[in-house]
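Some notes on the structure that comes next.
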């Protein structure tokens, strides 16, 4: 009876493998951690690899954030002085970056997923659905792409492209898909996008859609903040 109550070897192996995968992207008991300054730095673990990032920007296990438009880090300024977004609702002013290791990708075995169809592929999909595309250069460095159905109703997302910049990996320009403006008081229209920051790390980001017209500058700051995280050996 005791033997019958024990988990099978297959179940034990499955649990060990699940734990191994979980521990690739978060600190676990028994880890050998690199040396860092805990007062100013924080460890992030992705794909079993350690990164050291400025503590002021780190959010949770594998996130980074700053406020817009002041570019102030998540925990505020070093000298404790006020910044413009201090009394504002977090989701109105935060630029959030979430890092995902390969084991949590839809297909962990994908060799070079950054070589996909990109924004042009997405736009072609919408055209095939019968939507009319409208492209407008708002500024030399910023293009807005919108879609409309046969009755002139706008598609639920509009797209903003930083035309003078390039993705970290892969061809094409950085872009975001943004919800349409919503007049409801508690509505939270968002912009979402992502890049392969490193070959084994995907970074997706989210912010309030009212900042969409600042996309080129926001993307530059996202790239700068990402590069503050340095890969280290235990």
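Numbering (my numbering), first residue to last: 73 to 306.
Just so you know, even glycine gets a beta-carbon here, dropped at the ideal spot from N, CA and C.
Note that this is a predicted model, so its numbers are computed, not measured.
Proximity of residue 233 and residue 177 at Cβ, strictly below 9 Å: no
What does the alpha-carbon distance come out to for the pair residue 262 and residue 181? 30 Å
In three-state terms, what does DSSP make of residue 250? strand
Determine the closest residue to residue 121 out of 103, 241, 160, 216, with distance taken between C-alpha atoms. 103
Taking Cβ to Cβ, would you say residue 195 is nearer than 9 Å to residue 217? yes
Inter-residue Cα distance where the pair is residue 225 and residue 82: 54 Å
From what residue to what residue does the alpha helix (DSSP H) around residue 263 run? First-last for residue 263: 262 to 270, but that is the beta strand (DSSP E), not the alpha helix (DSSP H).
How many Å lie between residue 273 and residue 161 at the Cα? 29 Å
Reference residue 133; option with closest CA among 116, 139, 253, 112: 116
If the criterion is Cβ atoms closer than 9 Å, does the pair residue 118 and residue 131 meet it? no
Could you give the DSSP three-state label for residue 132: helix, strand or coil? coil
My understanding is that residue 239 touches residue 267, with C-beta atoms under 8 Å, so please give their C-beta distance in whole angstroms. 6 Å
Cβ-based burial, residue 371 [other Cβ within 10 Å; buried from 16]: Since the first residue of the chain shown is 73 and the last is 306, residue 371 is not available in this structure.
Complete alpha helix (DSSP H) runs within the stretch 266 to 303 (minimum length 4 residues, chain order): 287 to 298
Taking all protein chains shown into account, decide if residue 171 is buried (16 or more other Cβ within 10 angstroms of its Cβ) or exposed. buried
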